[in-house]
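Heads up: the structure comes next, in structure tokens.
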Amino acid sequence: MIAAAIVTADWYMTLAAVLFLIGMAGLLLRNNALVMFMSVELMLNAVNLTFVAAARAHGDIGGQMAVLFVLVVAAAEVAVGLAIIVSIFRIRRTASVDDLSELSG
Amino acid sequence: MVELIIFVLMGAVALGGAVAVVKARNPVYGAMGLMAALFALAVFYVVHLAHFVAAVQVIVYAGAVITLFLFVIMFVGVDRAERLTEKLAVQRPAALAVLAGVLALAGVLVITGQFDWVITVGEGAEVRGTVEEIGANLISVEEGGVQRASRWLLPFEATSLLLIVAAVGAVSLAFYRPRRKEEPDDETAGADRPGRPS
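Keeping their order, the protein sequence lines are chains A and B.
For the first sequence, position 85 (counting from the first letter as 1) is numbered 80 according to my numbering, and the numbering increases by one without interruption.
For the second sequence, position 26 (counting from the first letter as 1) is numbered 124 according to my numbering, and the numbering increases by one without interruption.
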């Protein structure tokens, strides 16, 4: 496999899947809202890599267009999400999601 | 051969950065790891001839998103110790079980050969994501000498609405103040309280 030295789209897909899993692990295992948010960004970027790899493999530019829209949505999400984290921090003095348990009764 | 070297090098950078995001106790190191991973992905985009996407990735993510993250990390404070024990006893085993399940599913798919969902087309169909190509695809495409709106025009217009809504929402969240009652000496009480800009 190595001797062939041709990097196919499957290799990129595998790398993207591993990146997605790492991001998922961060989202599920950490308590800091900021770290969880960065993990979500990592998962979004892993999916972007699969989009671009598929765009080359299929010869269709639609994959790259999808990546652009994902980028826009991610940027908007970061702006609003960080504003929410900051306003929660102003009131509660914490960035840990475990401390925000008013709704659990 | 060159692509193999780039894949190994940048794949290592991307994986290392991703692990740093998850493992770093200090969120600033996590942000730096995320930036390294995003740069490595931008290199992959260049390899895939998606030059415009790579440029946007560097400008938007490294330039704007990571900077915003760093500002908020500085504001929230990095010296706060994070408690790594969960309040819900079931959450950590459940999370590990979900991760192991997804990993096992991916492994089974790879081993049984069901992984090659990408049909690689021939040599001539190479897409080049240049600015002209992307821009033409966003607005209008020419088909048989006739210009018509592309299928990406409506999502493109929708993103402008989304950006306006997000910007207004972020600003109004930043200006929001919870109304305090029965605190007549709010000015003096709030003066020495940290983190409440007046």
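Cβ coordinates follow ideal geometry from the N, Cα and C atoms, glycine included.
No experiment lies behind these values; they were computed from the predicted model shown.
Kindly say whether ILE232 (chain B), judged by its beta-carbon, lies nearer than 8 Å to any beta-carbon of chain A. yes
Which runs of the alpha helix (DSSP H), 4 residues or longer, sit entirely within the region 133 to 191 of chain B? 149 to 154 and 164 to 174
With 8 Å set as the bound, which would you pick, yes or no: does the beta-carbon of GLU101 (chain B) sit closer than that to a beta-carbon of chain A? yes
Which residues mark the beginning and the end of the alpha helix (DSSP H) in which ARG246 (chain B) is found? First-last for ARG246 (chain B): 244 to 247, but that is the beta strand (DSSP E), not the alpha helix (DSSP H).
What's the call for GLY42 (chain B), buried or exposed, on a 16-neighbour Cβ count within 10 Å? The structure shown does not extend to residue 42 (chain B), since chain B is modelled only from 99 through 296, so no value can be given for it.
Alpha carbons only, please: which of B:ARG226, B:ALA265 and B:ALA195 is nearest the one belonging to GLY54 (chain A)? B:ARG226
Sequence-distant residues of the same chain with beta carbon closer than 7 Å to GLY222 (chain B), five excluded per side: In this prediction, GLY222 (chain B) scores a pLDDT of 46, lower than 50, which makes its location untrustworthy; no coordinate-derived value is stated.
Find out if the Cβ-Cβ distance for the pair LEU77 (chain A), PRO125 (chain B) is shorter than 8 Å. no
Hey, how far is the Cα of GLN155 (chain B) from the Cα of ARG249 (chain B)? 23 Å
Any beta-carbon of chain B closer than 8 Å to the one on LEU95 (chain A)? no
Buried or exposed: where does MET99 (chain B) fall if 16 or more other Cβ atoms within 10 Å of its Cβ makes it buried? exposed
From ALA134 (chain B) to GLN245 (chain B), what does the alpha carbon distance come to, in whole angstroms? 41 Å
Chain-ordered chain A contacts of ALA264 (chain B) [CB-CB under 7 Å]: ALA71, ALA74 and VAL75
Could you check the C-alpha separation between TYR274 (chain B) and ARG88 (chain A) for me, to the nearest Å? 16 Å
Return no unless some Cβ of chain B is closer than 8 Å to the Cβ of TYR7 (chain A). yes
Spatial neighbours of SER91 (chain A) within its chain, please: CB distance less than 8 Å, with the 5 preceding and 5 following residues excluded, ordered by chain position. ASN26, ASN27 and ALA28
Check distances from the C-beta atoms of the region 12 to 30 of chain A to those of chain C and list, in chain order, the residues that come in under 8 Å. No chain C appears in this structure, whose protein chains are A and B.
Whose Cβ in chain A lies nearer than 7 Å to the Cβ of TYR143 (chain B)? VAL47
Per DSSP, GLU241 (chain B) is paired with what? B:VAL244
By the 7 Å beta-carbon criterion, what residues does the region 237 to 262 of chain B contribute toward chain A? TRP250, PRO253, THR257, LEU260 and LEU261
Taking only three categories from DSSP, how would you classify LEU107 (chain B)? helix
On a CA-only basis, which of B:LEU136, B:LEU252 and B:VAL229 is nearest HIS149 (chain B)? Give me that one, please. B:VAL229
Applying the criterion that 16 or more other CB atoms from any shown protein chain within 10 Å of the CB defines a buried residue, is ARG51 (chain A) buried or exposed? buried
Check this for me: beta carbons of LEU44 (chain A) and VAL119 (chain B), under 8 Å apart or not? no
Within chain B, partners of VAL2 (chain A) - CB distance below 7 Å: GLU101, LEU102 and PHE105
Whose CA, out of A:SER82, A:ALA49 and A:LEU39, lies closest to the CA of VAL170 (chain B)? A:SER82
According to DSSP, simplified to helix, strand and coil, what is SER91 (chain A)? strand
Neighbouring residues, chain A, relative to ARG277 (chain B) (Cβ below 9 Å): Simply none; closest approach about 12 Å.
Counting only C-beta atoms, is ARG51 (chain A) closer than 8 Å to chain B at any point? yes
Does the separation of the CB atoms of LEU10 (chain A) and ALA160 (chain B) fall below 8 Å? no
Below 8 Å on C-beta distance, what does ILE171 (chain B) contact in chain A? LEU29
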